[in-house]
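A.B. asks: I have a structure I would like to understand better, so I am pasting it below and will then ask my questions one at a time.
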Amino acid sequence: MTSTSSTAAGRARPARARRRALLIATSVALVSGALLPGTASASPQAGPAPTAGRAAPVHAYDITLVTGDVVHYADGAGKQDTVTVDRPDGAVGGVHVQQAGDDVYVLPDEAGGLIAAGRLDRRLFNVTALAEMGYDDARSDGIPLIATYPAGKARSLPAAPHGSRTVRTLESVHGAALKAGKNTARAFWEDIARTSTARSLDNGIAKLWLDGRVEAALKDSVPQINAPQAWAEGYDGKGVKVAVLDTGIDTDHPDVKDRILETRSFVPGEEVDDRNGHGTHVASTIAGSGAASDGVNKGVAPEAGLLVGKVLSDEGSGADSGIIEAMEWAKAEGADVVSMSLGSSIPDDGTDPMSQAVNALSVDGGPLYVIAAGNAYGAGTIGSPGSADKALTIAAVDKQDNRADFSSMGPLTRSYGLKPDLSAPGVDINAAASQSVPGIEGMYQSMSGTSMATPHVAGAAAIVKERHPDWSGQRIKEALMASSKLLPAYTPYEQGTGRLDVKAAIDTTIEATGSVEVASYDWPHSPSDPVAERTITYRNGGTEDVTLDLATDGDADAYTLSAKRLTVPAGSTAEAVLSLDPSNVAAGTTYSGQVLAKDASGAVVAHTGFALNKEQELYDLTLELRDRSGRPMDGIVVLAALGDPNLTPVQVSGSTTLRLPPDNYTAWSAADVKGDTADSKALAFLAAPEVVLDKPVTVTLDASEAHKVAVKTPKETETRQLRYDMARTAPDGTVQRDAYQIPLTYDQLWASPTRKVTEGSFSFLTRWRRGEKQIDLSADGRDVPVAVQGGSSVAEDSRKQLRSVFAGDGAAADYQGLDVKGKAVVIRSSDAVAPADRAAAAIAAGAKALFVVNSGDGVLMESYADYGTTLPLPVASAQRLAGESLVKAARRGKPVTVDQRKYASYVYDLVDRHDGTIPDRSLAFAPSTRQLAKVENTFYGHRDAVGAGYRYDIPDYGYGIGFAEYEKYPAVRTEWVNPLPGASFWYEDHSVLNETGTDTSLEERSADLDYTAGRTYPADWFAPVTRPRLGTGYWGPFRTAYGDIQYNITPWTDGGAGHAGAMPDKEYDTGTVAVYQGDKLLDESAGRAGYVGNLAAEKLPYRLVLDALRDADTWKTSVRTHSEWTFVSGALDPEGPYQADIPMLQLDYDVATDLAGDVKAGTWTEVGLASTTQEWLEGAVKATKASMSVSYDDGRTWSPVQLRKEAAGSWTARFMTPHRGATAVSLKAHAEAGNGLGVDQEVIRAFGLK
């Protein structure tokens, strides 16, 4: 892959941490986003926490998307998390970065039509979830996918698309699991989506899904469900096969070793051994013998046989396709019951591949799939595969039959399906502990979750199967539901039909339908809406007729029965019809209840769940798109209800009408339109931020009403980066956001005016990075604006006058008979001649420069060389109209003047923001110098180096966007910045790249930056003294309520104010960190971060020691450091926050050096020393004592120097450096502040001598 043709030379996307391109500094907790497929085990108590370990201070992920785009995500401190996007060769259009609640989506334009058409799973672009699932490039060697095909094709599937392979065939869903290679993702994408505007997939694929991951969602609980009474009757699961699809099993655990029939792992690279503990716990709840507890912790069906399929890794997650294959395996192996304590926390309606597989495998005598409902706490939160219609979906109760607060509830999203089906004990369940789990103590452990409830039901199903070996899985399901213990305090949508009762299930002679299909009525409603009729079947397995009294537990007018009394003949069946009348309930009603069947004694012998949903009122919302001439146009409109984190793309061809419930909606579109010149390619942002739908409404997004968005800077500049950014925020703080880094192929941006919102807030901003021109071209005395192309070389500072020559379309044949050597070649763009061929022909002819006049509209941006290579001549494009003067000059052989400057000496960072509305006026932005702040950025370095950096604007509603640009070090650059409103701020990040420019050698991050217009701000980067320091760019040490301390010291922080620095690829090889309590070593490990746990509650002294080393051949200064911090820490206030920062003294140095980091030898030198606790803490403490020593022999000998106190916590040392014999000054400093706070630091070669 290469950087896109929209960047080149000094503004190209440098390879920061594997090619940084689009960086998003976030203010949301990306990694903790809620869209991760949810665990079904809410609170495992698997043994003591480890006493020490390495924390991951900055999680950095490279994530290759299915389109071939590469996303880099790294979580920093506070609001400085970052996400990066690098476009592949051949990519068309731009990338939308959308914030939906806590999740961030990176959506290339090429995928928009397929997502809107329902052909492409939007989760494929949820970088929050992909990182959480472990689908980054370091942990996954491919992109896991599920392709589903039209029915009938699954047995003769087409070959895997180019760039992918078939992992497994999934006959139950008419599909296949595919894996697209990370390096071949673009080839895969181009094979399945042949055009950039495709709305259907090629290769016969009906839909492409993410092969997502799901996660692992007895003494008292087994008697709670009356299992011992079933054993007493002789039913303990003997002869029944139960498949356990989980994290594997401890095959040697006494409780389960004799129950295992077959095992198989569906997790690549892992055996069936359970190194997680979840699977063993579940398996022993089903069929554990209790051997390790003298029979006390016996499972529900202790004689059942176990088929163990490992579908969840040792980390507790597994791929959807692996789970589907395991479900198919379980059926093939003759399983009667399949226990699945797993699931996704993404609410689902049962139409995804896993749910489809459950339904398909359950018919024709298939097993009963018993599946956890999940632990998402709220209503409407049940995910796949528990959302499958045929699944027996299990909620959790505690020992008193109260609903477990974590237990997911229905209804199913969109369909209002009736789930969960049944409840079982799932709180503080004690069962077998896998001895393969590191650090486990004892043979048993306690866990809570619907994961724990599920195996209780699976064991009960085994007992029922033993009692009735001829029963199908679905009949067992209905028997368990209908015979369960009623829980009157809860509705079926909350807890199913009741709590499991094994004895009742095997003893009852009356069976009944477990639940009936929901009666759902779409708006609009009419008095003539039909009454839904649901048949309930009762079966009498006894030898005598039974008369049942029937009644509903709801409104008798709305929910009526065909008979109040029903006789069920012995050995036969009888039916009653439940009528659900929508006319007797209000619109917007969602109700679930039960039909109760009582015998002659008045006891409830069976009950059946039912539900009715009467959709709330809906109205027509008509969306219209108009171009700049007012004519209908095609495009995608994004639609979202205020406060809803779901953003829905809608394909609009001029006009489309949707039926939606009343709400406050936002609609917006980014559409290609004609600009105001004949050769312009423009983008129009069209929005209606507040659409109150309480009647039929038409929304017209009309580009003919839009105003041109433009910027003018005091000094001459060109656009390097431009984005628009829209945010709609609900009163509860939920943000809907669309930020678009506009490709430089567009030469104009337009935005339509909007009405001021009255609920929540709305913001629209444009962010410009403007810089000194890289190539300034003039012909015949006229300036010709040009855009540098990908792969072009640009001289650092050059001015040349060259004769010009016109060479047609730039093919080799066009140079026949032309004298080109040493001249500037002008050509027209043509699809017939590839960019690389144009460049090759010009170079072969001896050209000094190549200028390409665009034959189409907009700005031509192409790549002329492979990634990582640079042409030996500059290549730039001119737009069609402006380029005509260049063509005329070249035809006459006229000279052209070419000015080149690879690195800008000045840039402008500008934000033009409008809150509440986009005004109906000119959107031209022309700030004066007085309205801007001036930043004098100085970059230090002892040798010439290439770096990457950018200033990111962080708006108050979310993250900031931009890509790092190449920089030259050492250098001085003037930067003009406008102040940001409210809580928004600026943030800078600069990195020294390695010699090949492919990775980051050293990165420095700033604190949050605020500027005042008219002021000048000096800023130093990579300046001495580089040393370990706590900075706001990374999280700092803290203590948690669990009694552990986590620490993270950035070892290579420069002398700039508020910075924090690290060497991402080296620090774990060249540093060690240790923690002591007093003189007792608690932990020592490589790197710079970690944690220690199980700490004493009382306040005790601790010492944190960091040693850091870096290559002296590469780095002239600070080649070795040793730092020790002392502090006191104790347990947190149980009524206070979960975690609290630990104050630690810092050491800051101030020494005036040249840009190489040197001072003159043999002169009086002053070094400032300041010491205070972290600046972001309230009530920061300043040091009261300090000392300093210097060394001129790299720390072999030290000499103390006198400190002069300047202010509280601040001193100055003044000493004479040697005239000769020394090349550097090393520093050793100490500071203390009482109450156990202290710091000692040695910095070898802190600054140089010249």
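Numbering (numbering that gives the first Met the number 0), first residue to last: 0 to 1249. All C-beta atoms, glycine included, are put in the ideal place defined by N, C-alpha and C. None of these values were measured; they are calculated from a predicted model.
Find the nearest neighbour of Trp749 within the set Val710, Val783, Glu717 and Gln735, judged by alpha-carbon distance.
C.D. replies: Ranking Val710, Val783, Glu717 and Gln735 by Cα distance to Trp749 puts Val710 first.
A.B. asks: For the region 458-468 against the region 234-241, do three or more pairs of beta-carbon atoms, one drawn from each stretch, fall closer than 8 Å, so that the two count as touching?
C.D. replies: These segments touch.
A.B. asks: Please classify Trp985 as buried or exposed, where buried requires at least 16 other C-beta atoms within 10 Å of its C-beta.
C.D. replies: So Trp985 counts as buried.
A.B. asks: Do Asp1140 and Tyr1090 have their CB atoms nearer than 8 Å?
C.D. replies: Contact flag unset, no.
A.B. asks: Near Ala430, what residues of its chain come up, given a Cβ to Cβ distance below 6 Å and the 5 sequence neighbours on each side ignored?
C.D. replies: Leu217, His280, Ser283 and Thr284, listed in sequence order.
A.B. asks: What does a CB cutoff of less than 6 Å around Pro1199 pick up in its chain, not counting 5 residues either side in sequence?
C.D. replies: Ser1188.
A.B. asks: By Cβ distance below 8 Å, which residues in the same chain neighbour Asp528 in space, the five residues on each side in sequence not counted?
C.D. replies: Same-chain partners within the cutoff: Tyr520, Pro581 and Ser582.
A.B. asks: Look up Ser40 in the DSSP assignment and say whether it is helix, strand or coil.
C.D. replies: Per-residue confidence for Ser40 stands at a pLDDT of 34, beneath the threshold of 50, marking its modelled position as unreliable; the derived number appears in the next sentence. Reduced to three states, the DSSP call for Ser40 is coil.
A.B. asks: What are the start and end residues of each continuous alpha helix (DSSP H) run of 4 or more residues lying completely inside the region 263-333, in chain order?
C.D. replies: As far as the region 263-333 is concerned, its whole alpha helix (DSSP H) runs of at least 4 residues are 277-286 and 319-331.
A.B. asks: What do you reckon, are the CB atoms on Gly409 and Met451 nearer than 8 Å?
C.D. replies: Cβ atoms of Gly409 and Met451: not closer than 8 Å.
A.B. asks: Looking at the structure shown, is Pro56 part of a helix, part of a strand, or coil, going by DSSP?
C.D. replies: Low confidence applies here, because Pro56 scores a pLDDT of 38, under 50, leaving its location unreliable; read the following figure in that light. Pro56: coil per DSSP, three-state reduction.
A.B. asks: Just grab the DSSP bridge partners of Ala605 for me.
C.D. replies: DSSP, once it has assigned bridges, lists Ala596 as partnering Ala605.
A.B. asks: Among Asp955, Pro980, Asp404 and Arg1014, which residue has its Cα nearest to the Cα of Lys933?
C.D. replies: Taking only the C-alpha atoms, the option nearest Lys933 is Arg1014.
A.B. asks: What's the C-alpha gap between Thr665 and Ile381?
C.D. replies: Between Thr665 and Ile381, the C-alpha separation is close to 27 Å.
A.B. asks: Taking CB distances under 8 Å as the criterion, tell me whether Val357 reaches chain C.
C.D. replies: In summary, chain C is missing from the structure at hand, where a single protein chain is found.
A.B. asks: Tell me whether Asn583 sits in a helix, a strand or coil according to DSSP, three-state version.
C.D. replies: Asn583 falls in the helix class under three-state DSSP.
A.B. asks: Tell me whether Gln800 is buried or exposed, calling it buried when 16 or more other Cβ atoms sit within 10 Å of its Cβ.
C.D. replies: Result: exposed.
A.B. asks: With H, G and I counted as helix, E and B as strand and the rest as coil, what does DSSP make of Asn358?
C.D. replies: Helix.
A.B. asks: Tell me, please, whether the region 1020-1032 touches the region 1047-1056 by the rule of three or more beta-carbon pairs shorter than 8 Å.
C.D. replies: The region 1020-1032 vs the region 1047-1056: in contact.
A.B. asks: Short of 6 Å in beta carbon distance, which residues of its chain neighbour Val166, apart from the five on each side in sequence? Order them along the chain.
C.D. replies: The answer, listed in chain order, is Ala176 and Lys178.
A.B. asks: Quick one: using the 10 Å Cβ neighbour count with 16 as the cut-off for buried, is Leu1146 buried or exposed?
C.D. replies: Buried, because 16 or more other Cβ atoms sit within 10 Å of the Cβ of Leu1146.
A.B. asks: Would you check if there are 3 or more beta carbon pairs closer than 8 Å linking the region 205-213 to the region 311-322?
C.D. replies: Flag = yes, the region 205-213 and the region 311-322 touch.
A.B. asks: For Asp251, name the three-state secondary structure that DSSP assigns.
C.D. replies: Looking at Asp251 - three-state DSSP - the assignment turns out to be coil, as it is neither helix nor strand.
A.B. asks: Would you call Arg498 buried or exposed, if buried means 16 or more other Cβ atoms sit within 10 Å of its Cβ?
C.D. replies: Buried, by the Cβ-count rule.
A.B. asks: Once you ignore the five residues that flank Ser422 on each side, which residues in its own chain have a CB closer than 6 Å to its CB?
C.D. replies: Only Ala394, Val396, Gln494, Gly495 and Arg498 meet the Cβ criterion.
A.B. asks: I'd like to check one pair, Arg972 with Tyr1016: are the Cβ atoms closer than 8 Å?
C.D. replies: Contact flag unset, no.
A.B. asks: Mapping DSSP to helix, strand and coil, what is Ala1223?
C.D. replies: Three-state DSSP puts Ala1223 in a strand.
A.B. asks: Look up Tyr415 in the DSSP assignment and say whether it is helix, strand or coil.
C.D. replies: Correct three-state label for Tyr415: coil.
A.B. asks: Roughly how many angstroms separate the alpha carbons of Thr1071 and Thr1120, rounded to a whole number?
C.D. replies: Approximately 11 Å between the Cα atoms of the pair.
A.B. asks: Return the bridge partner residues of Ala481 from the DSSP annotation.
C.D. replies: Beta-bridge pairing links Ala481 to no other residue.
A.B. asks: For Pro1217, count the other beta carbons within 10 Å of its own beta carbon; 16 or more makes it buried, fewer makes it exposed. Which is it?
C.D. replies: Exposed: under 16 other Cβ atoms inside 10 Å.
A.B. asks: Note down, in chain order, each residue of its chain lying with its Cβ closer than 8 Å to the Cβ of Ala159, except the 5 sequence neighbours on either side.
C.D. replies: Closer than 8 Å at Cβ, skipping near neighbours: Thr165, Ala175 and Leu177.
A.B. asks: Could you tell me the distance, in whole angstroms, from the CA atom of Lys887 to the CA atom of Asp678?
C.D. replies: Straight-line Cα distance between these residues: approximately 18 Å.
A.B. asks: Using CA atoms only, rank isn't needed, just tell me which of Leu1094, Phe1126 and Thr1116 is closest to Val1104.
C.D. replies: Nearest option by C-alpha distance: Phe1126.
A.B. asks: Less than 8 Å between the CB atoms is what I'm expecting for Gly276 and Ala286, so what's the real figure, rounded?
C.D. replies: Contact flag wrong, Cβ pair sits at about 17 Å.
A.B. asks: Given a cut-off of 8 Å on the beta-carbon distance, is the pair Gly93 and Gln740 in contact?
C.D. replies: In contact: Gly93 and Gln740 (Cβ atoms closer than 8 Å).
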